[in-house]
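One structure below.
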Amino acid sequence: MMKTLRKHLVLFLALLALWLVDLSPMAPLGVLIVSEAKAVVGAPLTPVSVAGVARRTTRRAVVATSSTTAAQQAAAPAPAPAPAPAPAPAAVPASVLPAGTIVTALPSGCVSTVVDGVSLFNCGNTFYQPMFQSNNLVYIVK
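What follows is the structure, given as structure tokens:
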């Protein structure tokens, strides 16, 4: 029985040695104990591949951004309601306004006309020229 077990063990070790030894003409002395590793760096799921790095970087950025945004939203107070717009100033009679006065609204009954190639609004006997002051439309008394 012991002889049979010994024979099986020797046979197993011989087969294992043949499996591990690579008889290659490129190897020194023609024998390699262990064959070369054949890892493919660049396959999408390997740790150092470009795809793997991009995937992890994106995931980390999304997690960091979403957690920061959630924390800011939880800590921020509710926005205050916008204040009511200021009422429009009452139209002053045109006879009182001197030339060069800037108004934000025209009196009622104005008619658009062109005088010497310039667009003006004729309101009674007073002419207003539309102009922009910053982002606001204003009218200058002419």
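Numbering (the numbering used here), first residue to last: 3 to 144. Glycine included, each C-beta is placed from N, C-alpha and C at the ideal position.
C-beta contact flag for residue i and residue j at 8 Å
i    : j    : result
V140 : L99  : no
T115 : N127 : no
V120 : Q135 : no
Counted within 10 angstroms of its Cβ, other Cβ atoms place residue i as buried (16 or more) or exposed
i    : result
F129 : buried
D15  : Reading off the sequence, residue 15 comes out as Leu, not Asp. Exposed, by the Cβ-count rule.
L11  : exposed
L122 : buried
Alpha-carbon to alpha-carbon, residue j and residue i
i    : j    : result
Q74  : A107 : 42 Å
A66  : P79  : 22 Å
A84  : S68  : 28 Å
A101 : T71  : 54 Å
Residue-level contact to chain B via CB, residue i, 8 Å cutoff
i    : result
K144 : Here there is only one protein chain, and chain B is not present.
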